[in-house]
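Taking it in order: structure first as structure tokens, then the write-up.
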Amino acid sequence: MKSNLMHLVPPVSRDRIISQFPKWYTPEACLQLKEHFHAQVRTACQQSTGTVGLKISKVVVVGDLYVGKTSLINRFCKDNFDRDYKATIGVDFEIERFEIVGIPYNLQIWDTAGQEKFKCIASAYYRGAEVIITVFDLADIQTLDHTKQWLEDALRENEPDSSFIFLVGTKKDLVSDAVCERTELDAIRFANEMQAEYWSVSAKTGENVKEFFSRVAALAFEQSMIKELEKTAGRMARIGSGNLIKLEKNMTDIPEDNTKVSLSCC
Ligand SMILES: Nc1nc2c(ncn2[C@@H]2O[C@H](COP(=O)(O)OP(=O)(O)OP(=O)(O)O)[C@@H](O)[C@H]2O)c(=O)[nH]1
Ligand SMILES: [Mg+2]
């Protein structure tokens with residue numbers, strides 16, 4: 031039965047297959063500096079028969095109106111770009127499929143409205159976000175100032191330290207390299223204060239968009255795998271059908287790179 035159903039699911043497109051840990055944009059504002067998946071996660075994935083627990087993570091995208099949230103999501107999920115502005119009303123979402131270290135994985139990406147009048151509708155969807163993406167417009171510095179308030183609102187609906195936070199400057203194509211560099215200095219300072227990872231992107235040209243979402247997917251995937259493995263910390267964890275993995279005793283230690291993950295580092 032299972033194998034029959036598998037034939038109905040189209041394969042994940044090649045650019046959604048992640049086997050190496052994707053790199054950060056800048057080491058000055060990055061959530062993890064490591065270059066590989068955690069050894070235990072890799073082992074669990076390799077030994078899995080495709081039934082590893084949680085396979086979907088919720089991503090919430092917030093920020094002022096007109097900064098380019100919808101355009102960023104559409105560039106990644108549909109590979110298109112619309113020059114005309116159509117305000118998001120309330121919320122919308124896309125599901126994007128990945129295969130990470132051989133395991134099928136989904137991101138549920140929630141696009142929220144930046145307009146004040148829709149804020150209370152949108153904020154009802156902040157809960158349970160494994161990833162919060164706060165977006166600003168590189169060509170409109172005021173929108174950077176507002177990102178802290180957007181983040182605060184999103185964090186209020188979530189457990190402390192339960193979400194990865196990203197700060198993304200959009201419309202990179204609209205600013206010169208010099209302006210981009212200057213704005214990035216401020217943005218990196220903001221990102222550090224927000225405990226966020228920073229990225230500059232362009233939905234129009236597609237610059238850094240795939241790289242950014244690959245990074246989001248890999249971090250969220252690894253975190254959800256670690257949580258899954260931690261549930262069975264201190265005893266034998268059953269991964270897949272019949273495969274057993276021995277977890278280390280010091281699983282709750284914080285790794286050296288001070289990340290959210292709590293498995294010992296590879
Ligand atoms: N040149 C350029 N224009 C962009 C880029 N991203 C978005 N835009 C334009 O900026 C405008 C607003 O983009 P949206 O993606 O609709 O903005 P939004 O943040 O979703 O706005 P709300 O839904 O109202 O919150 C549109 O006219 C887009 O075409 C970009 O990377 N480069
Ligand atoms: Mg929108």
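31 is the number of the first residue of the sequence shown in my numbering; add one for each residue after it. Idealized CB from N, CA, C, for every residue including glycine. In this text the structure is predicted, and so the values were computed from the model without any measurement.
*asked:* If distances are taken between C-alpha atoms only, which option among 249, 259, 232 comes closest to residue 111?
replied: In the sequence shown, the residue the question calls residue 111 occupies position 81. Out of 249, 259, 232, 232 has the C-alpha closest to the C-alpha of residue 111.
*By the 10 Å Cβ neighbour count, where 16 or more other Cβ atoms means buried, how is residue 235 classified, buried or exposed?*
Numbered from 1 along the sequence shown, position 205 holds the residue referred to as residue 235. Exposed is the call here.
*Does the distance from the C-beta atom of residue 142 to that of residue 92 stay below 8 Å?*
Translated into the one-based positions of the sequence shown, residue 142 becomes position 112. Translated into the one-based positions of the sequence shown, residue 92 becomes position 62. Going by C-beta atoms, residue 142 is nearer than 8 Å to residue 92.
*Could you tell me the boundaries of the beta strand (DSSP E) in which residue 88 lies?*
Here residue 88 refers to the residue found at position 58 of the sequence shown. Residue 88: member of the beta strand (DSSP E) spanning 86 to 93, first to last residue.
_Backbone secondary structure at residue 27 - three-state DSSP_ = The question about residue 27 has no answer, for the chain in this structure spans 31 to 296.
*Measuring alpha carbon to alpha carbon, tell me which of 179, 229, 221, 192 ends up nearest residue 254.*
Taking the sequence shown and counting its residues from 1, the one referred to as residue 254 is at position 224. Nearest C-alpha to residue 254: 192.
*asked:* Could you pull the DSSP bridge partners for residue 165 from this structure?
replied: Within the sequence shown, the letter at position 135 stands for residue 165. According to DSSP, which records beta bridges pairwise, residue 165 is partnered with 93, 198.
*Following the continuous alpha helix (DSSP H) through residue 179, name the residue where it begins and the one where it ends.*
To locate residue 179, count along the sequence shown from 1; it is residue 149. Bounds of the alpha helix (DSSP H) holding residue 179 are 177 to 186.
*Do residue 158 and ligand 1 come close, with the Cβ less than 7 Å from some heavy atom?*
Locating residue 158 in the sequence shown gives position 128, where the first residue counts as 1. Result no, Cβ not under 7 Å from ligand 1.
_Where residue 160 sits in the DSSP three-state scheme_ = If you number the sequence shown from 1, residue 160 lands on position 130. Reduced to three states, the DSSP call for residue 160 is coil.
_residue 109 versus 159, 179, 115, 43, residue with shortest Cα-Cα distance_ = Along the sequence shown, read from residue 1 onward, the residue named residue 109 stands at position 79. If we check each option's Cα against that of residue 109, 43 comes out closest.
_Closest to residue 208 by C-alpha separation, out of 196, 219, 169, 242, would be which residue?_
For the purposes of this step, residue 208 is taken as the residue at position 178 of the sequence shown. Nearest option by C-alpha distance: 169.
_Residues passing the C-beta test against ligand 2 heavy atoms, cut-off 7 Å_ = Working through the chain, the matches are 99, 100, 117, 118, 141, 143, 144.
*Go ahead and pull the three-state DSSP assignment for residue 230.*
As a first step, residue 230 must be located in the sequence shown, where it is residue number 200. Three-state result, residue 230: strand.
*Run the CB neighbour count on residue 115, radius 10 Å, all protein chains shown included, and call it buried at 16 or more, exposed below.*
Locating residue 115 in the sequence shown gives position 85, counting from the first residue. Of the residues assessed, residue 115 falls on the exposed side of the cut-off, its CB having fewer than 16 other CB atoms within 10 angstroms.
*For the beta strand (DSSP E) that contains residue 204, what are its first and last residues?*
For the purposes of this step, residue 204 is taken as the residue at position 174 of the sequence shown. Unbroken run through residue 204: none, as it is neither H nor E.
*Would you report the Cα separation of residue 241 and residue 85, rounded to the nearest angstrom?*
Within the sequence shown, numbered from 1, the residue matching residue 241 stands at position 211. Within the sequence shown, numbered from 1, the residue matching residue 85 stands at position 55. Whole-angstrom Cα-Cα distance: 20 Å.
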